[in-house]
Amino acid sequence: MSMQERRPTFFARYSLLVLMAVFFLVPFALRGARLSLERMKNDVKDWLPSDFSETKDLDWFRGHFLGEQFVLVSWEGCTADDQRLQLLAKKLVPSAPTDGEKKFGANVAGHGDDFVGDRYGLYLTDNLYENWGGQDEKWFKGTGEKWYYLLPDGELRVWDGGSTMLGAMYRSGELLLTGKNELSGEYAATVDTDYYKRPATLQAHLFKSVVTGPQVLAQLAEPGGSLLRDPENADLDDLTEANQIAHERLKGVLFGPDGKQTCLIATLSDAGKVDLRRTLGRGFMGRPLGRMRQLAIEAGITEDELRLGGPPVDNVAIDEEGEITLARLVSFAVLVGVGLSYLCLRSVKLTIMVFFVGGVSAITSMSLVYWLGSAPDAVLMSMPAVVYVLGLAGAIHIINYYKDAVEEDGIEGAPELAVAHGWYPCLIAALTTAVGLGSLATSNIAPIKKFGIFSALGVLATLALLFTYLPAALQQWPPKLKKSRDGSVQAKSPLSIWMENFSLRVADFIINRSTLVASACFLCFLVFGYGLTHIKTSVQLLKMFDANSEIIQDYAWLEEHIGKLVPMELVIRVEPQLMGTTGDEEEVVEATADDKFKYTFLERMEMAQRVQVAVEEVLGPQGRDLVGNGMSVATFAPVLPETGGTTRDFAIRGAYNRRLEAHREDFLKTDYLREEDGSGAELWRVSLRLGALQNIEYGRFVTDLREIAEPVIAAYRKRDEILRTIDKANDGKGFVTERVTILGPNYMAYDEQAAAKEAGEKIEYKLDPQKIFALTLRDLLVNARLSVNYFDPIGNTAHPEGNSQARLDALMKRDQYFVVVADSPKYDVAAIEAAGKTVIPATDYQYSPSAPQYAVTDADIPELTVVYTGVVPVVYKAARTLLSSLVESTLWAFGLIALVMAWVLKSVRAGIVSMLPNVFPVVLIFGFMGLAGIEVDIGTMMTASVAMGVAVDDTIHFLTWFRWGLDKGLNRREAIREAYRRCAVAMMQTTIIGGLGLAVFAVSSFTPTQRFGYLMVSLLAAALLGDLVFLPALLAGPLGSMFRPDKKSHMGHEEHASGDGTPPEGDDDGDEPSVIPVAIHRGENGHSENGHSGEGKQRTDSHYRSGHSG
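Sequential numbering from 400 applies to the sequence shown in the working numbering.
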């Protein structure tokens, strides 16, 4: 059939329609990507699944307390005399003086929970829109990017126009035809017309409460303050003493070390948490300056002066750094992509096509986040560039197939031939890469899971462009190809020729020394495989930022001039059945059977104070200096009475208890005491702050915290058991004045240390759970009016009689109840029991990691327990989950890709061996990180599966050409060299494009993205090493026999067979046709490279079309 009679090819007929369809869909991708970016949100709590106990506890905590999501604000010279401090406080919560509450100095936003502005999250945009629809309406934006308009009569409506591109086009046409905009919307609410006059007052409150250091100081120490023993009759000495106590309590929390530098602490409302950049942002990427920063400027505080810290500040900084990173990387990626594409393709048209595929692939991947109902985070911002580079590499492969087709058959039908030649290897490469990325979906950490899912979808989406847009564009705008002097098309650049010659020299070296090279690679496997066992993980938020970033500079200043900032929260939960009455002597006499065991309000406050003091002694400035001063209800209460069991002590404690209980409602307003919804349990909060810039190992810290707090709570539980035991022995008549001896603790040393502290000596406190338990238990029993003695088996050299046998004998004669805290050879517990004494064991006070861990929502949670929550436990859990996810996702990637390779190679053993060079880069780089002590963070964790998926692409290409050489009748050594000649240049170019494309991440100031960049470059370089060094060495050795075909191919084998039909010398491999089609290139002499003339070439092309091997 003549060329004129040939039926036009598919793309000759439909390329224009295909291009129209692609260009029609591109705007939807652009819009989805833009809307996706507007949803960006980072919150460490959202990293973990909702069913984790740490997540449940933090949700529960946030449901009862405000302060965990705090923002600390200060500046140089922020003191009580600085009028800007109070002015800013009033601006943040302007309604507090009239219809708000005052909570121990905290201004709390007025308006009810159903305030219209809060309900719809209303806010004014930078450009104030008015009268757009001709009804004198004023416009607001609200939650979910909806538009609202307020009419002069106070009616608020939700605009139904929608901010879509099609909607804008429709409205433009409507304005052109009618001369006006049609205003329509659904009724939302009716508000007072004053809001129309002052629309700013209808905006949602972004801040729930605000408190300043001077406010709290006044509440505690000024006339009528809560620290005064007699608020009504306080004299100057009383006020001075109260002021000193207040400053000491507030130091490191609201006041700096000098006692003058102070700050403001604001908590965010629900509306303020919706878009943190609108609340706290720095105004990057065309966004308005955050409300906090705007109000600070209005109060006279410049942006350079302002210092912000706290968890929401961390989150908004991550949001902004993620967006800044994307903006920077896009420009760099464009430059790198265009430059390398042109270098490889030597055509402006082809460069534009390749860039379009890469760019639209990246945009599509981000739009999928929106269209599938998810939201991006800082980690996911790395995804578009990854998909961009992979799309770029795929497009270059297709264009190379296109060039081969043009050289062999001419330009007609070349796009179809390019797709026919390239669909299978590109599909396999994309599939294996998607499998590698998709394995990240097994992670429990949400950002990693989302990165895996959407990156895999993005990689697969590139196939649609590769097989539709690219051949259609090649059909419509074919490139002009240069011809050499002999008339043949010159396709290779000088750089490609040099790379090919270099690769062949490398091939000869490896083939001739395959055993040595393979052994060296296996040795690296062992050495760096050992390094994998030493990997450490970290997800500390501030490590994500460069040392010179604004947030790090702010934190350094705030921690130097105010105090530590990372929140760690402890909540002592006391159920109603443990809550006693005021403690009056008359009430005790008339108490019911269980009332005598319950805790008074004073005793419940002491629980929180004892935990706080124990933590501060060991982990505070007097100990390891990991935390600053804590805050609890006791911070706002007068100095609590001393321990005592006398009648006078009992009366004093009763009076204190009545005074405290009379102010219970005031304490409930402090944000440090709450009643639990439903159960009525009291929640006593102890708020700690860790150093943000200290290199604290959160796992060890949380364990230490439990080892300090749990003995305190264990002492309260043991106190209850002891009192009930004595009461039962007395037939329910009580326990007062009963005599009890505590055996085991080194009380003499404890008392000596307490006396030294009282005398002003500096004491270095160490973690001693027995001491914490024993001292707490003794105080509790004394307060219960028992006669408490002790026998100290360790004793004190200054008082040897304190642990003598005579003292023990005297206690045996006098006391009936013996509480054993520790065993000792100085007393025989069995002998004590034999003497008729009641022995109560109390050795189970220490925290055990193997003990049941309760979430606060569990039905079987104990009546008295401590809940450990805040950012620190969540980050620690995320770090542990990160390590397990790294192992799990890597194993999944290995297994899934191995299955794909086994299917492609038709051999399980060959599939496993082919995975060795794919795993090689992961073992090499991550093993090095383990040996070097470099921590794996959330940005680097993803690279293992990404690199394994990308490395498979090179492996497939190399094995394809290796098997093709065997199909031709070459022996393994010759087939390896042929594989080098055929694909090494393409592999190096792909690695250069991918590596340099991903290298743009390394210029980011956002540490996870930065590490992702240089690790990916390292991993891709290591992958090239594995595929061009390790894999050929394996193929040249005994393991290479696994890849040999079972029978000769019918194509091209005859030319290499001897005349009698026997295989040529050196062909020691069996035969099997390749299952991966490959292109057969025409040589420079006009013949195809398998030695055939044009006739043979036509036969080869028919094999492509029929799916046979080439």
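Glycine included, C-beta positions come from ideal geometry on N, C-alpha and C.
The model shown is predicted, which means the values in this text are computed figures rather than measured ones.
Among the residues of its own chain, which have a CB less than 7 Å from the CB of residue i, if the five just before and after it don't count?
| i | result |
| --- | --- |
| LEU1434 | PHE1361, ARG1371, ILE1375, PHE1442 |
| PRO1272 | GLU453, VAL1101 |
| TRP558 | TRP546, TYR547, TYR548, GLY584 |
| LEU1323 | CYS923, PHE927, ALA1421 |
| THR1242 | VAL1219, VAL1220, ALA1221 |
Anyone know if the C-beta pair for residue i and residue j falls short of 8 Å?
| i | j | result |
| --- | --- | --- |
| LYS935 | GLU1334 | yes |
| LEU1142 | ASN843 | no |
| VAL590 | VAL515 | yes |
| CYS825 | LEU865 | yes |
| VAL785 | THR861 | no |
| ALA603 | ALA695 | no |
| GLU958 | ALA1091 | yes |
| PHE683 | ILE723 | yes |
| PHE1293 | VAL1312 | no |
| PRO1246 | ARG1105 | The residue you asked about is not Pro; residue 1246 is Tyr in the sequence shown. Cβ distance < 8 Å, so TYR1246 and ARG1105 count as in contact. |
| THR1046 | ARG648 | no |
| VAL1238 | VAL1228 | yes |
| LEU749 | ILE797 | no |
Looking only at its chain, what residues have a beta carbon closer than 6 Å to the beta carbon of residue i, apart from the 5 residues adjacent to it on each side?
| i | result |
| --- | --- |
| ASP1119 | PHE996 |
| VAL417 | THR867, ALA871 |
| THR408 | GLY812, GLU815 |
| SER1031 | ALA1007, GLN1011, TYR1071, VAL1085 |
| TYR769 | GLY431, LEU434, SER435 |
| LYS879 | none |
| TYR1146 | TYR1189, ASP1191 |
For residue i, which residues from the same chain have a beta carbon less than 8 Å from its beta carbon, with the 5 sequence-adjacent residues on both sides left out?
| i | result |
| --- | --- |
| ALA792 | ASP1352, THR1389, ILE1392, GLY1393 |
| THR831 | ILE1296, VAL1299, MET1300, GLY1348, VAL1351, ASP1352, ILE1355 |
Hey, how far is the Cα of residue i from the Cα of residue j?
| i | j | result |
| --- | --- | --- |
| ARG1213 | TYR1164 | 35 Å |
| GLY738 | MET1387 | 16 Å |
| ASP994 | THR1124 | 15 Å |
| PRO846 | TYR1216 | 57 Å |
| ALA633 | LEU1059 | 18 Å |
| GLU1005 | GLY1029 | 14 Å |
| LYS540 | GLY520 | 8 Å |
| ARG412 | LEU1365 | 39 Å |
| LYS1305 | VAL1299 | 10 Å |
| SER1537 | VAL421 | Residue 1537 is absent from the structure shown; the chain starts at 400 and stops at 1509. |
| THR1406 | ASP517 | 36 Å |
| LEU1430 | GLY851 | 27 Å |
| GLN1519 | VAL615 | Lying outside 400 to 1509, the shown extent of the chain, residue 1519 is not represented and no answer is given. |
| LEU675 | ALA774 | 14 Å |
| ASP907 | GLU807 | 30 Å |
| LEU839 | LYS455 | 24 Å |
| ALA1209 | VAL1135 | 21 Å |
| TRP956 | LEU679 | 18 Å |
| LYS1117 | ASP1103 | 21 Å |
| PHE410 | THR1289 | 41 Å |
| LYS1132 | LEU1122 | 11 Å |
| MET1211 | VAL1270 | 50 Å |
| LEU627 | ASP1065 | 16 Å |
| ARG483 | PRO1144 | 54 Å |
Quick test of your reading: residue i and residue j, contact by CB under 8 Å. State the CB separation rounded to the nearest angstrom.
| i | j | result |
| --- | --- | --- |
| VAL858 | LEU836 | 6 Å |
| LEU1176 | ALA1114 | 4 Å |
Note to self: Extract the residue ranges of the beta strand (DSSP E) inside the region 446-486, only unbroken runs of 3 or more that lie entirely within it.
What the structure shows: Secondary structure in the region 446-486: the beta strand (DSSP E) runs of 3 residues or longer, each lying completely within the stretch, are 469-473 in chain order.
Notebook entry, point to check: Enumerated in chain order, which unbroken segments of the beta strand (DSSP E) with a length of 3 residues or greater are wholly contained in the region 576-604?
Noted result: If only uninterrupted beta strand (DSSP E) runs of at least 3 residues are considered, those enclosed by the region 576-604 are 584-589.
Notebook entry, point to check: Which runs of the beta strand (DSSP E) spanning at least 3 residues fall entirely within the region 1251-1305, listed in chain order?
Noted result: Counting whole runs of 3 or more residues, the region 1251-1305 contains the beta strand (DSSP E) stretches 1263-1269.
Notebook entry, point to check: In chain order, which beta strand (DSSP E) runs of at least 3 residues are fully inside the region 1342-1393?
Noted result: Residue ranges of uninterrupted beta strand (DSSP E) with 3 or more members are absent from the region 1342-1393; none lies entirely inside it.
Checklist line | Entirely enclosed alpha helix (DSSP H) segments - the region 1148-1192, minimum 4 residues | finding: If we require 4 residues or more, the alpha helix (DSSP H) runs fully inside the region 1148-1192 come out as 1168-1182.
Note to self: My parser needs the beta strand (DSSP E) runs of 3 or more residues fully inside the region 1207-1236; what are they?
What the structure shows: Listed in chain order, the complete beta strand (DSSP E) runs (minimum 3 residues) inside the region 1207-1236 are 1216-1219.
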